[in-house]
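Some notes on the structure that comes next.
Residue numbers (my numbering): 2 to 669.
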């Protein structure tokens, strides 16, 4: 269909409900093939937090580049780590139409990069939908229904997982620890590419819960391939049903979707979605004739080394057009899940195979696993692979004839050691430090003889190992079974990670727990002039610490009552535009630093650079316009032979001269 392009503007802080203003030309667009509203945007912590890619969600609105003839809205939005989400609305229902090719009712465009049929650069995001049953235009019509993709059905997938992030309270890039509802712990680790805080700035995201930021959803394991720390990629993307999982070919018109299951005569796989995949919280399929809202969230919790955390990025959504000539047919897919790229001698790997019919799992036929080289390893009828020697082999799975088997490549390696990866530097004898009361995620990884087995390939890192943890001084801190250290008291301890695959291999790191650093005022006073009478001061502008930790301003009081300000999002936001004279005041500040309260007094001065113009009758000969408008310091702003419209003035203080009077104007 032909639509008019909507120019999209936004002037909001994207936390909670986001108000997006849509404007058109002389005609209103009807039946747009793309998202027209950001209803809610709540990104999780990550390397793009507090940058434009997470503070302006309007980038997902409007046509997508290459899809149709409309001008495309530029921009991409990052959802952050696991659970971060965006909720989108449309100007028409999305119909579950049997005339949509392949059953695809809409396609989501991300920034994944595909190589053939495999996505080597992807960060899959799960998709949920809702129908506007009460017709009020907001998604309050019951629980979200998930469009169950290929990995939804795997035993490694954690359903209904809640994950809570804790603000590390630093002014720069720092690990953001998390704890999940199933007891697992971890952290979003910083990268050298982004040095700002990875936790939402409460000034930019005023509804943030700084004492515990929680997200829930379905968490898939995925298969992040970290064998080569300098070239991390996904070993294999989920087969279908996830955003930002497959690349988008140039010139792709999403209104005429591609096959979401496998490449065919129309081209490569893209991230198309069938409303018929919808399931409830128990995994039961729910029939929907149409939907009105889409919710996309990051579906995994993992770190990709120098590339940063697994975080879904979204460019836009394209709605499918019905094809009157399309003949609905069945699409079968054998899928073999690959939770890891390598398997170490001394361990086993459980593989899972499934048969899908139009995106739904079916039990037709008999499951069959096959290994091409049984000298490398063997596999049981239920998919348990046991390595026999180092090397490489292919494992396939099928249930019925006439449908290509699902295949995956497995490399068998032997372990050679264990290292701690501290700030991008891997060592078996590492050292680090933290502050009393902090949590520190210690990232242990094993090393392999990969380069000896496959000499033309780089890589020796093995991340599928698990460890026994030992602590030389428990009075200094504790270590859990996932590698999260909790600092209890000043001192030093040695933490050991011992490989469970080969207990003769281990790594040690010395952890030094330091006292809480001092916090002081960053300057002896704050000065404001009428050149820049309004602005805001971050907590990091007002206070300094020796380790760049941040403080929380809990209260602020102007002792003399002259300083016009408000405490907003851990910043002092001030506006002296209405202050008619210079003044001196003292700002009393109460703060928390590592949970410890402190009190400070900060002198504040406001200085007018010029005096007010004298309130004398206007000199019409000196000023050709009979009506003139000035700043208090004498800067001419407007002159006109007719009265000046003061209703359009920005807030502030002005001097208005007319043929008969001189007046001070205070515009609120």
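The beta carbon of each residue, even a glycine, is placed where N, CA and C say it ideally should be.
Taking a 10 Å sphere around the C-beta of residue 227, we find 16 or more other C-beta atoms and assign the residue as buried. Residue 206 and residue 475 have their C-alpha atoms some 38 Å from each other. When only Cα atoms are considered, residue 356 and residue 513 end up about 52 Å apart. Secondary structure of residue 565 (DSSP, three-state): coil.
Counted as a single uninterrupted DSSP element, the alpha helix (DSSP H) harbouring residue 451 occupies residues 451-454.
Of 215, 185, 35, the smallest CA-CA separation from residue 45 is found for 215.
Judged by DSSP secondary structure, residue 56 falls within the alpha helix (DSSP H) whose first and last residues are 53-56. Residue 666 and residue 656 have their C-alpha atoms some 6 Å from each other.
Spatial neighbours of residue 445 in its own chain (CB-CB distance under 7 Å, excluding positions within 5 residues in sequence) are listed in chain order as 419, 421, 468, 484, 498, 508. Burial check for residue 466: the Cβ neighbour count within 10 Å reaches 16 or more, so the residue is buried. Taken through DSSP and simplified to helix, strand or coil, residue 110 comes out as strand. The criterion of a C-beta distance shorter than 8 Å is satisfied by residue 89 and residue 294. Closest option to residue 366, judged by alpha-carbon separation, among 358, 373, 372: 358. As the crow flies, the alpha-carbon of residue 568 is around 7 Å from that of residue 556.
The shortest C-alpha to C-alpha distance from residue 448 to any of 608, 526, 464, 250 is the one to 464.
Residue 583: not part of any beta strand (DSSP E); DSSP gives it neither H nor E. Contact between residue 270 and residue 286 is absent: CB atoms are separated by about 23 Å, not below the 8 Å threshold. Residue environment: residue 212 is assigned as exposed (fewer than 16 neighbouring CB atoms within 10 Å of its CB, all protein chains considered). Taking the CA atoms as reference points, residue 492 sits about 7 Å from residue 515.
In this structure, 410 is the residue among 245, 410, 203, 390 with its C-alpha nearest to the C-alpha of residue 398. The Cβ-Cβ distance between residue 380 and residue 390 does not fall below 8 Å.
Taking a C-beta distance under 8 Å as the contact criterion, residue 370 and residue 382 qualify as a contact pair. Taken through DSSP and simplified to helix, strand or coil, residue 226 comes out as strand. Residue 337 has its alpha-carbon roughly 6 Å from the corresponding atom of residue 408. With fewer than 16 neighbouring CB atoms inside 10 Å of its own CB, residue 602 falls in the exposed class. Counted as a single uninterrupted DSSP element, the alpha helix (DSSP H) harbouring residue 542 occupies residues 540-543.
For residue 324, same chain residues with a beta-carbon under 6 Å away, outside a window of 5 residues either side, are 100, 102 in chain order. In the structure shown, residue 434 falls within a strand segment according to DSSP collapsed to helix, strand and coil. Rounded to whole angstroms, the separation of the alpha carbons of residue 148 and residue 277 is 8 Å. Cβ contact annotation for residue 578 (same chain, cutoff 8 Å, sequence separation greater than five): 534, 535, 652, 653, 654, in chain order. Ranked by Cα distance from residue 254, the first of 238, 242, 273 is 273.
As a beta-bridge residue in DSSP terms, residue 470 pairs with 498. Every beta strand (DSSP E) of 3 residues or more that sits fully in the segment 338-362 is shown, in chain order, as 343-345, 353-358. Under the three-state reduction of DSSP, residue 425 is assigned to coil, being neither helix nor strand. Residue state for residue 61 is assigned as helix, using DSSP reduced to three classes.
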